[in-house]
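Below is one structure, written out as structure tokens; comments come after it.
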Amino acid sequence: MSNFSNSQNLNIYYGIPHCHSSLSTGQGKPNDIFDYAKKRGLDFLIITDHNNCLDETIKSSSSKTSKWSYLIKCCEKYNKKHKSFVGLYGFESKLGNMGDINIINSYYFFKGTIKNLDNLILWLMSNPCILTFNHPHTAMESLGFNEDLSNYVYLMEVGNGTGNKYTRFEKRYYKFLDMGWKVGAINSQDNHKMNFGDSENLTAILCNELTEENIYYALKNRRTYSTESASLKLNFSINKIIMGDILYYKKGKLNFKIHAKDNTNLIEKLQVLSVGGKVIKEISFPKLSKIKYICNHIPNNDEKWYVIKIFQENNKIAISSPIFIERNNLLN
């Protein structure tokens, strides 16, 4: 956890929102995974095992239970004992031939591959939760934009993996923003081995304090950024609206305020991006540990979102969640 100056007194917490345990295709029991991540300095971790494994029976103490129920109980017990780390649960499912999604903050799960979006939407209507797009490869673009589904999709991985299997997906992220998806930026290690937090690529969230409820609130409101440095602190606002939120705009200048700090991986450049990943503003720095950048901008009509991209030494980047622009001529 890091304190960082901002108008809403939000703290920054670091974690992994997508990984696997021995309950499906990974290594390690939930408690061991949480202990490992905690020792690596993480604040939270979400175990998202593959849904087809979760109805299998596992022996817990003197009784038998499903792997899904066991995972939930492990999280609940761990969080009661530890106040400086939060362990959460979810599940991963295939979205036809288009790719994978995670569903978190749901007490229920389903098996199988999603072959019909309408059935998924009906399930989501009965089980409100947080849905994320995982490692979005080219096939995910065939999904296009689905207005009903967009009410439940809040986040997209712009980075996934560890070590030499790490992949950036920022260009696809911008394409989905252009389609109309209001998704925030996350970074997942998608661990299948006991290496949780060994790599620096993480998701950072902004919230008041470290609790399950606050983490879910931050994820649902896209108060997140993707970072490849475990020590980067980032916050930005437009007209006092913070990243992840919607700015209802009528006319005039947009006032950007961007704060970033990293004592370990120094900051070399900052970009403000919009539609198509176009660079709106850019400024280079002589390797600074702390920057504060303020600028004004009159938006073009096609600019419906703004994202901050930070370049750091050691070839590291960070991608913020957007601030979305909605034009409302009825506002005074």
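In case it helps, UniProt numbering puts the sequence shown at residues 1 to 332. For each residue, glycine too, the CB sits at the ideal point set by N, CA and C. These numbers were taken from a predicted model, which means no experiment stands behind them.
Exercise. In terms of residue numbering, what span does the alpha helix (DSSP H) encompassing residue 68 cover?
Worked result: 67-81
For this session: Assign residue 283 to one of two classes, buried (16 or more other C-beta atoms within 10 Å of its C-beta) or exposed (fewer than that).
Result: exposed
Problem set entry | Where residue 99 falls: helix, strand or coil (DSSP) | strand
Exercise. Where does residue 145 land, buried or exposed, given buried means 16+ other C-beta within 10 angstroms?
Worked result: exposed
Exercise. Where do the ends of the beta strand (DSSP E) carrying residue 134 lie?
Worked result: 130-134
Problem set entry | N- and C-terminal bounds of the beta strand (DSSP E) containing residue 17 | 11-19
Exercise. Got a sec: does the ligand FAD put a non-hydrogen atom nearer than 7 Å to the Cβ of residue 38?
Worked result: This structure simply doesn't include the ligand FAD, nor any ligand for that matter.
For this session: Tell me whether residue 190 sits in a helix, a strand or coil according to DSSP, three-state version.
Result: coil
Exercise. Quick one: any contact between the stretch 261-279 and the stretch 305-312, if contact means 3 or more CB pairs under 8 Å?
Worked result: yes
Problem set entry | Identity of the residue in 237, 58, 48 and 233 nearest residue 25 by Cα | 48
For this session: Would you mind listing the beta strand (DSSP E) stretches within the stretch 267-305 that are 3+ residues and don't spill past its ends, in chain order?
Result: 267-274, 278-288 and 290-297
Exercise. What residues in its chain sit with their C-beta under 7 Å from that of residue 178, if we drop five residues either side in the sequence?
Worked result: 275 and 276
Exercise. Whose C-alpha, out of 256, 248 and 291, is nearest the C-alpha of residue 263?
Worked result: 291
Exercise. Among 213, 132, 199 and 162, which residue has its Cα nearest to the Cα of residue 176?
Worked result: 132
Exercise. Thinking C-beta only, is residue 154 closer than 8 Å to residue 219?
Worked result: yes
Problem set entry | Per-residue DSSP class, three states only, for residue 163 | helix
Problem set entry | CB contact flag (residue 174, residue 156, <8 Å) | no
For this session: Give me the Cα-Cα distance between residue 104 and residue 170, rounded to the nearest whole angstrom.
Result: 22 Å
Exercise. Straight-line CA distance for residue 328 to residue 251?
Worked result: 10 Å
Problem set entry | Candidates 20, 246 and 52: closest to residue 37 by CA position | 20
Problem set entry | Contacting residues, own chain, Cβ-Cβ under 6 Å from residue 238 (five flanking each side not counted) | 247, 254, 256 and 323
Problem set entry | First and last residue of the uninterrupted alpha helix (DSSP H) at residue 119 | 117-126
For this session: Within its chain, find whatever has a CB closer than 8 Å to the CB of residue 211; leave out the 5 residues flanking it on each side and keep chain order.
Result: 86
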